[in-house]
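Participant: Residue numbers (our numbering), protein chains in the order written: chain A, 6 to 115; chain B, 16 to 128.
This structure is in structure tokens; I'll ask about it shortly.
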């Protein structure tokens with residue numbers, strides 16, 4: 006059965022520092038992988054998705070993620086954090102339906 | 016504007032008092048789904064619908080009902096709410112299936128006393 010594990014429920018970085026949010030997946034077939042972001046008091050919106058084309062996927066707001074099959078990982082990165090990046094981030098995997106991770110709350114310190 | 020709407024956004028109720036949370040999408044999507052979000056658990060699927068009159072259970076369906084009489088609407092019904100259903104609820108839709116990009120509503124925060 007498909008599943009995702011997000012390592013770290015809370016991540017704190019300084020403004021301008023690298024953002025790295027970790028996601029490992031379990032899937033019996035090549036999966037579709039997603040990162041969603043949830044800003045306070047809002048629903049989830051898509052950041053980026055992997056659908057077996059390029060392994061490095063670029064998303065909105067300067068985020069990107071790299072699919073590594075050998076490591077079953079799909080970590081999310083951004084070179085330089087902004088205060089506006091503070092939010093909760095969810096990794097998700099889909100085969101026949103979508104399964105979400107528990108989420109990682111990102112805090113950005115001035 | 017393409018969107019998923021939910022009503023109400025906030026609801027306080029008492030144990031046993033039936034309630035309905037509405038969900039509507041204007042994107043002509045076939046697939047619609049309900050999730051609940053609880054701290055530390057992420058999103059868990061309650062029910063989903065592949066098309067009109069086609070619904071199926073997700074991971075946590077107990078205590079909930081749904082219906083899909085029209086393509087655009089997918090209401091969530093709590094026949095007899097209990098305090099353990101206090102949660103943040105999201106409706107989502109996608110064009111054809113759960114494996115595709117899903118578009119989420121703004122959420123409904125429910126408190127059951």
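For glycine and all other residues, C-beta sits at the position ideal for the given N, C-alpha and C.
All of these numbers come straight from a predicted model, not from anything done at the bench.
1. For a contact meaning CB atoms closer than 8 Å, what does residue 95 (chain A) contact in chain B?
2. For residue 21 (chain A), is the classification buried or exposed, using 16 other Cβ atoms within 10 angstroms of its Cβ as the cut-off for buried?
3. What residue ranges within the segment 30 to 99 of chain A form continuous beta strand (DSSP E) runs of no fewer than 3 residues, ordered along the chain?
4. Compute the Euclidean distance between the alpha carbons of residue 120 (chain B) and residue 49 (chain B), then round it to the nearest angstrom.
5. Flag this pair as yes or no: are the beta carbons of residue 96 (chain B) and residue 28 (chain B) separated by less than 8 Å?
6. Establish whether the CB of residue 14 (chain A) and some CB of chain B are separated by less than 8 Å.
7. Quick one: using the 10 Å Cβ neighbour count with 16 as the cut-off for buried, is residue 101 (chain A) buried or exposed?
8. Just reading off the beta strand (DSSP E) that residue 40 (chain B) is part of, what are its end residues?
9. Return helix, strand or coil for residue 99 (chain B), following the three-state DSSP convention.
10. Going by beta-carbon coordinates alone, are residue 41 (chain A) and residue 25 (chain A) separated by less than 8 Å?
11. Are residue 7 (chain A) and residue 107 (chain A) closer than 8 Å when you measure CB to CB?
12. Return the residue from the list B:53, B:127 and B:104 that minimises the CA-CA distance to residue 98 (chain B).
13. Nearest-angstrom Cα distance between residue 83 (chain A) and residue 96 (chain A)?
14. Which stretch, first to last residue, makes up the beta strand (DSSP E) that contains residue 20 (chain B)?
15. List, in chain order, every chain B residue whose beta-carbon is nearer than 9 Å to that of residue 50 (chain A).
16. Report the CB separation of residue 38 (chain B) from residue 76 (chain B) in whole angstroms; it is logged as a contact under 8 Å.
17. Between the Cα of residue 104 (chain A) and the Cα atoms of B:31, B:73, B:42 and B:24, which residue gives the shortest distance?
18. Note down, in chain order, all residues in the segment 80 to 105 of chain B with a beta-carbon under 9 Å from any beta-carbon belonging to chain A.
19. Using a Cβ-Cβ cut-off of less than 7 Å, list which residues of the segment 81 to 109 of chain A approach chain B; keep chain order.
20. Chain A beta carbons: is any one of them nearer than 8 Å to that of residue 31 (chain B)?
21. If you count every other CB in all the chains shown that lies within 10 Å of the CB of residue 51 (chain B), and 16 or more means buried, which is it?
22. Give a yes or no on whether the C-beta atoms belonging to residue 122 (chain B) and residue 63 (chain B) are separated by under 8 Å.
Facilitator: Considering the structure as presented:
1. Position 90 of the first chain, counting from 1, holds the residue named residue 95 (chain A). By Cβ distance, chain B contributes 57 and 58.
2. Stepping through the first chain from its first residue, residue 21 (chain A) is reached at position 16. Residue 21 (chain A) counts as exposed, since fewer than 16 other C-beta atoms from the protein chains shown sit within 10 angstroms of its C-beta.
3. Fully enclosed beta strand (DSSP E) runs of 3 or longer: 37 to 43, 49 to 55, 61 to 63, 69 to 73, 78 to 83 and 92 to 99.
4. Counting from one through the second chain, the residue named residue 120 (chain B) turns up at place 105. Counting from one through the second chain, the residue named residue 49 (chain B) turns up at place 34. Rounded to whole angstroms, residue 120 (chain B) to residue 49 (chain B) spans 10 Å at the Cα level.
5. Locating residue 96 (chain B) in the second chain gives position 81, counting from the first residue. Locating residue 28 (chain B) in the second chain gives position 13, counting from the first residue. Contact flag set, yes.
6. Residue numbering aside, residue 14 (chain A) sits at position 9 when the first chain is read from its first letter. Yes, contact with chain B.
7. Along the first chain, read from residue 1 onward, the residue named residue 101 (chain A) stands at position 96. Here residue 101 (chain A) is exposed. Its C-beta has fewer than 16 other C-beta atoms within 10 Å.
8. Mapped onto the second chain, residue 40 (chain B) falls at position 25. Looking at the DSSP string, the run of the beta strand (DSSP E) that includes residue 40 (chain B) is 34 to 40.
9. Counted from its first residue, the second chain places residue 99 (chain B) at position 84. The answer is helix: DSSP assigns residue 99 (chain B) an H, G or I state.
10. As a position in the first chain, residue 41 (chain A) is number 36, starting the count at 1. As a position in the first chain, residue 25 (chain A) is number 20, starting the count at 1. Not in contact: residue 41 (chain A) and residue 25 (chain A) (Cβ atoms no closer than 8 Å).
11. In the first chain, the residue the question calls residue 7 (chain A) occupies position 2. In the first chain, the residue the question calls residue 107 (chain A) occupies position 102. No, the Cβ-Cβ distance between residue 7 (chain A) and residue 107 (chain A) is not below 8 Å.
12. Here residue 98 (chain B) corresponds to residue number 83 of the second chain, with the count starting at 1. Nearest of B:53, B:127 and B:104 to residue 98 (chain B), Cα basis: B:127.
13. Within the first chain, the letter at position 78 stands for residue 83 (chain A). Within the first chain, the letter at position 91 stands for residue 96 (chain A). Whole-angstrom Cα-Cα distance: 15 Å.
14. Along the second chain, read from residue 1 onward, the residue named residue 20 (chain B) stands at position 5. Run containing residue 20 (chain B): 19 to 22, per the beta strand (DSSP E) assignment.
15. To locate residue 50 (chain A), count along the first chain from 1; it is residue 45. Within chain B, the residues near residue 50 (chain A) are 118 and 119.
16. The sequence position of residue 38 (chain B) within the second chain is 23, counting from 1. The sequence position of residue 76 (chain B) within the second chain is 61, counting from 1. Their Cβ separation, rounded to whole angstroms, is 16 Å, which puts residue 38 (chain B) and residue 76 (chain B) out of contact at 8 Å.
17. Position 99 of the first chain, counting from 1, holds the residue named residue 104 (chain A). Ranking the options by Cα distance to residue 104 (chain A), first place goes to B:73.
18. 105
19. 95, 99, 100, 101, 102, 103, 105, 106, 107 and 108
20. On the second chain, residue 31 (chain B) is found 16 positions in, with the first residue counted as 1. For residue 31 (chain B), the answer is no, since every Cβ of chain A falls outside 8 Å of its Cβ.
21. Mapped onto the second chain, residue 51 (chain B) falls at position 36. Classification for residue 51 (chain B): buried.
22. Taking the first residue of the second chain as position 1, residue 122 (chain B) is located at position 107. Taking the first residue of the second chain as position 1, residue 63 (chain B) is located at position 48. Not a contact, by the Cβ cut-off of 8 Å.
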